[in-house]
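Student: Below is one structure. I have some questions about it.
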Amino acid sequence: MPLENCETPSLTFSNNWNLVSSNSEPYAGPPAGSKVTEVYDVVMDGQWGYVSQTPTSCDLTIWTYTDYRETAVKVTIPVYGSSDTTNRYWWIYKPVVYNTAGLGVGDSFIAPTGNNHTNENIQWNGCIEERATVRTNDYWPIPANAYDMQIDLIPDSGNPLTQWGRALSELVFARSNLNSWSVAEERSTSNKPNLKYTNSGSYAICPTEAKNLATGWDDTSLQAYLDSLVPSGQTYHDIGMVWGGRLISPTGLFAAANTVNGNLSRNIVFMTDGEVDTDVTHYDAYGWTAVDRRRQLDASVAPDNASNNAIVEARFNAICESIKAKGITIWVVAFGTAMTESLEDCASGDKAYQANNSAALTSTFTDIAAQVANLRLTK
């Protein structure tokens with residue numbers, strides 16, 4: 113079973129709140145009213161758990177409760193709520209813009225996303241959402257306003273559409289529930305599911321930072337970096353290839369790092385261990401696909417994995433064409449997976465290889481290296 117199919121087994125758990133006492137007292141506000149303090153005896157029985165994923169296993173963690181008891185105190189105070197006269201905390205779920213300018217890796221800011229509008233500390237771990245794209249059924253030639261697919265485009269400080277956004281799952285909430293993907297604004301007294309709890313780990317991948325092109329790497333340094341790369345989550349060919357193109361292009365973001373005088377061949381070796389395999393319920397480089405729908409042709413229709421796979425594959429092949437148009441050679445290696453038509457079309461000429469095991473993979477890279485005078489690998 114693929115690791116991305118790890119599932120939590122069916123578990124039975126009960127959590128019963130029994131009211132022990134209730135006390136009401138005047139509350140000055142605003143708004144004025146009554147402050148109610150309730151004490152509950154909470155009784156838990158059964159099992160609760162979750163599955164976490166490692167590169168080689170599905171790990172199950174289970175908590176077992178047998179007549180476990182604890183005391184909980186609930187305090188209710190009046191809040192303003194439109195025409196509603198009851199004492200409630202209201203939430204409005206809709207797109208909200210946050211100013212994160214200047215927010216560096218490890219930096220944080222405060223947002224009122226906690227229970228009952230309490231502030232929470234939102235920290236950025238360095239992962240990004242891609243810049244603006246377009247909804248289309250034809251990605252080649254690459255549309256002018258598909259800024260995410262233009263590998264040479266330098267961000268414009270005056271145009272946010274050309275800039276990357278910070279991936280912050282703590283600011284992303286479902287509407288009705290995680291499987292009801294409404295995009296309409298919703299007003300509710302309920303705390304809806306937050307993606308920081310549901311889409312973490314392999315469901316909200318933040319990959320190892322890519323290394324720029326460099327000379328002088330010794331075997332030890334290279335091996336240490338390769339060992340830090342941990343496969344996890346789904347398979348998105350488009351985002352991998354667009355960053356490969358950005359890193360190696362002599363006229364784009366990293367031109368200063370890889371512009372060399374003289375005749376130089378540029379090569380990308382694109383290796384994948386699977387066909388395109390996305391999941392619209394995951395938080396990826398384009399946000400939460402189920403709700404954001406940034407790549408879907410018709411944003412009014414709830415997306416599904418099959419249509420999203422087709423979109424990612426079409427984008428992948430368009431990016432391959434744009435890279436090859438710059439005179440860069442693309443070698444494709446399908447490791448332990450079928451050589452699909454999409455992968456074969458991406459490769460330059462006959463430079464598509466299939467390797468079903470480690471020995472075949474070593475032989476494949478030896479063959480590629482023998483054909484390239486100055487081989488550079490990009491992930």
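Counting in my numbering, the sequence shown runs from 113 upward without gaps. Built from N, CA and C at the ideal position, the CB exists for glycine as well.
Answer with buried or exposed for Gln483, where buried requires no fewer than 16 other C-beta atoms within 10 angstroms of its C-beta.
Tutor: exposed
Student: To which residues does DSSP link Ser136 through a beta bridge?
Tutor: According to DSSP, which records beta bridges pairwise, Ser136 is partnered with Val148.
Student: Is the CB-CB distance between Asp350 and Arg287 below 9 Å?
Tutor: no
Student: Could you check how far apart the C-beta atoms of Asn231 and Ala223 are, in whole angstroms? I think they sit under 8 Å.
Tutor: Going by Cβ atoms, the distance from Asn231 to Ala223 rounds to 7 Å, so yes, they are a contact pair.
Student: Pick from Ala322, Ala437, Pro255, Asp331: whose alpha carbon is nearest that of Leu341?
Tutor: Ala322
Student: Would you list the one or two residues that DSSP bridges to Arg278?
Tutor: According to DSSP, Arg278 bridges with Ile240.
Student: For Met451, which three-state DSSP category applies?
Tutor: coil
Student: For Tyr80, count neighbouring Cβ atoms within 10 angstroms of its own Cβ and tell me buried if that reaches 16, exposed if not.
Tutor: For the chain, the structure presents residues 113 to 491; residue 80 sits outside this window and is missing.
Student: Between the C-alpha atoms of Gln408 and Asp389, what's the straight-line distance to the nearest angstrom?
Tutor: 16 Å
Student: So within the stretch 381-455, which uninterrupted alpha helix (DSSP H) runs reach at least 4 residues, ignoring any that extend past its ends?
Tutor: DSSP runs (the alpha helix (DSSP H)) wholly in the stretch 381-455: 401-404, 417-436.
Student: Contact check, Trp495 vs Glu456 under 8 Å by CB: the rounded distance?
Tutor: Outside the displayed span of the chain (113 to 491) sits residue 495, for which this structure offers no information.
Student: Tell me the DSSP secondary structure of Ile351 in three-state form.
Tutor: helix
Student: Are the beta-carbon atoms belonging to Trp293 and Pro415 less than 9 Å from one another?
Tutor: Judged by beta-carbon spacing, Pro415 lies within the 9 Å limit of Trp293, meaning their Cβ atoms are closer than that value.
Student: Take the Cβ of Thr197 as the centre, count every other Cβ of all protein chains shown within 10 Å, and call the residue buried at 16 or more, exposed below.
Tutor: A caution first: Thr197 carries a pLDDT of 49, below 50, which makes its placement in the model unreliable, though a value can still be read off. Classification for Thr197: exposed.
Student: Starting from Gln335, trace the beta strand (DSSP E) both ways and give me its first and last residue.
Tutor: That residue, Gln335, is in no beta strand (DSSP E); its alpha helix (DSSP H) goes 331-339.
Student: Between Lys438 and Ser460, is the Cβ-Cβ spacing less than 9 Å?
Tutor: Cβ atoms of Lys438 and Ser460: not closer than 9 Å.
Student: Under DSSP, the beta strand (DSSP E) around Asp479 begins and ends at which residues?
Tutor: Boundaries around Asp479 are those of the alpha helix (DSSP H), 470-483, since no beta strand (DSSP E) includes it.
Student: Could you tell me which of Ser133, Leu131, Leu123 sits nearest to Trp160, measuring between CA atoms?
Tutor: Per the Cα distances, Leu123.
Student: Among Thr188, Ser133, Arg181, which residue has its Cα nearest to the Cα of Pro143?
Tutor: With distances taken between Cα atoms, Pro143 lies closest to Thr188.
Student: Does the pairing of the stretch 258-278 with the stretch 168-175 give three or more beta-carbon distances under 8 Å?
Tutor: no
Student: Using 10 angstroms around the beta-carbon of Phe382, count the other beta-carbons present and answer buried if the total reaches 16, otherwise exposed.
Tutor: buried
Student: Excluding the 5 residues flanking Gly399 on each side, which residues of the same chain have their C-beta closer than 7 Å to its C-beta?
Tutor: The answer, listed in chain order, is Glu241, Arg406.
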